[in-house]
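Enquirer: This is the structure I want to talk about, given as structure tokens.
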Amino acid sequence: MKIKNSSNNSLFTYSFLGILLIIFIGLTISKSSEHRSHFIDGDGSGHYAWLSALFINHSLDFNEVFEAEKQRKGLDYQGHNYHKINGTTINKFPPGTAFLIMPFFLLAMLLSYIFGLQVDGYNFLFQYGVGIAAVFWCWVGLLYLFKLLKSYKLNTQASLIFVAAALLSTNLFAYTFLIPSFSHVYSFAAISVLLYFVRKYFLGQKLSHLIFAAIALGLVFMIRPVNIIIIIALPMLAENWLNFKDTVFQKLKSLRFLLAIILVIIATSPYLLINYLQTSHIFYFGYQGEGFYWSRPEILNFLFSFRKGWFIYTPFYLLL
């Protein structure tokens, strides 16, 4: 199969989205209505809570959101993602996931007003808004993954097989269609965009590619700050050492990288501003009491444990 012109490219591109929507609709029809009516749950409710707090309660204090969640989930609900700081209830989850869901949330909000539904952030329009948001951003991630593979001169068939495997042979399928309010599919989309534009900048050193890469990096951080470790992999996107050295060490002297740093800061500024307004600190680590055991890393368990071991749950990666 060969893509010969722009019209075929457009058809080919949107076919990705069509397939994902068919899967979403098929799962919705085949599953019980109760199972497919609550997409905002678990950790995902914490990522989503930013939208309820800002657009429903008009507040950066999450106490009202927490109380509403207790009404929906039971008074014994602990709300592990909420903490009290200086009398303000904060949300330990960063707002990046909510930012990507926001257009679909606002559409659900508008439709709720039009059809006279309770605008509480949790009626079925909001639930399915999150489901469609995950499908859309999965499509964006797969599309840019495909474009990234093609930049390595990989043929269309091989690229399609890899993209299909990324969806069907990893946790991406579950995080897109079953638990779409979690941050993972949104991280996948932002990182795919970042990798593609960094790769394109190494190849052509166009300013527009650097700008998009910088904005994507800021968004990657705002979705999950730990995602920033992806920068370790960025040098591998260069064609070779000479390409990397010329791009980084030579261009570092120009104003382009200063512009990139400024754009990353601008992209993360909503998160930093919210931190300051809530805690009086620009940087605040919300995961208090949580972290890694650096002195005794569980490498074997991470790879092969039946408690979410990487290769046990996603054996596809053994082939890479």
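Here my numbering is used: the first residue of the sequence shown is 143, the next is one more, and so on.
We put the beta carbon where it would ideally sit given N, CA and C, even for glycine.
1) Can you tell me whether DSSP reads residue 183 as helix, strand or coil?
2) Who are the near neighbours of residue 345 in its chain, counting only those whose CB is closer than 6 Å to its CB and skipping five residues on each side?
3) Does DSSP classify residue 243 as helix, strand or coil?
4) What's the C-alpha gap between residue 211 and residue 390?
5) Relative to the C-alpha of residue 458, which residue among 336, 222, 311 is closest?
6) Between the beta-carbon of residue 291 and the beta-carbon of residue 301, is there less than 8 Å?
7) My output table needs one value for residue 426: the three-state DSSP class, helix, strand or coil.
8) Please classify residue 200: does DSSP put it in a helix, a strand, or coil?
9) Hey, would you say residue 195 sits closer than 8 Å to residue 202, going by beta carbons?
10) With DSSP run on the structure shown, which of helix, strand or coil describes residue 292?
11) Might you give, ordered along the chain, the residues of its own chain that have their beta carbon closer than 6 Å to the beta carbon of residue 407, omitting 5 neighbours on each side?
12) Less than 8 Å separating the beta-carbons of residue 428 and residue 225?
13) Run through DSSP, which three-state label would residue 225 get?
14) Could you give the DSSP three-state label for residue 456: helix, strand or coil?
15) Report the partner residues of residue 233 according to the DSSP bridge assignment.
16) Taking the alpha-carbon of residue 179 as reference, which of 208, 274, 245 has the nearest alpha-carbon?
17) Please say whether residue 420 and residue 198 have beta carbons closer to each other than 8 Å?
Expert: So, from the listed chains and residues:
1) Stepping through the sequence shown from its first residue, residue 183 is reached at position 41. Three-state result, residue 183: coil.
2) Looking up residue 345 in the sequence shown gives position 203. Excluding residues within five positions, none has a Cβ falling inside 6 Å.
3) Residue mapping note: residue 243 aligns to position 101 of the sequence shown, counting from 1. DSSP places residue 243 in helix when its eight states are reduced to three.
4) For the purposes of this step, residue 211 is taken as the residue at position 69 of the sequence shown. For the purposes of this step, residue 390 is taken as the residue at position 248 of the sequence shown. In a straight line, the C-alpha of residue 211 is about 48 Å away from that of residue 390.
5) Within the sequence shown, numbered from 1, the residue matching residue 458 stands at position 316. Here the closest residue by C-alpha is 311.
6) Here residue 291 refers to the residue found at position 149 when the sequence shown is read from its first residue. Here residue 301 refers to the residue found at position 159 when the sequence shown is read from its first residue. Contact flag set, yes.
7) In the sequence shown, the residue the question calls residue 426 occupies position 284. DSSP places residue 426 in coil when its eight states are reduced to three.
8) Translated into the one-based positions of the sequence shown, residue 200 becomes position 58. Looking at residue 200 - three-state DSSP - the assignment turns out to be coil, as it is neither helix nor strand.
9) In the sequence shown, counting from the first residue as 1, residue 195 sits at position 53. In the sequence shown, counting from the first residue as 1, residue 202 sits at position 60. Cβ distance < 8 Å, so residue 195 and residue 202 count as in contact.
10) Residue mapping note: residue 292 aligns to position 150 of the sequence shown, counting from 1. Reduced to three states, the DSSP call for residue 292 is helix.
11) Translated into positions along the sequence shown, residue 407 becomes position 265. Excluding sequence neighbours, residue 407 sits near nothing in its chain.
12) Within the sequence shown, numbered from 1, the residue matching residue 428 stands at position 286. Within the sequence shown, numbered from 1, the residue matching residue 225 stands at position 83. Between residue 428 and residue 225, the CB-CB gap stays under 8 Å.
13) As a position in the sequence shown, residue 225 is number 83, starting the count at 1. Of the three classes helix, strand and coil, the one that applies to residue 225 here is strand, per DSSP.
14) As a working note, residue 456 is residue 314 in the sequence shown. Residue 456 falls in the coil class under three-state DSSP.
15) If you number the sequence shown from 1, residue 233 lands on position 91. DSSP lists 224 as partners of residue 233.
16) The residue you call residue 179 lines up with position 37 of the sequence shown. Ranking 208, 274, 245 by Cα distance to residue 179 puts 274 first.
17) Your numbering for residue 198 matches position 56 in the sequence shown. Your numbering for residue 420 matches position 278 in the sequence shown. In terms of Cβ geometry, residue 198 and residue 420 do not form a close pair [threshold 8 Å].
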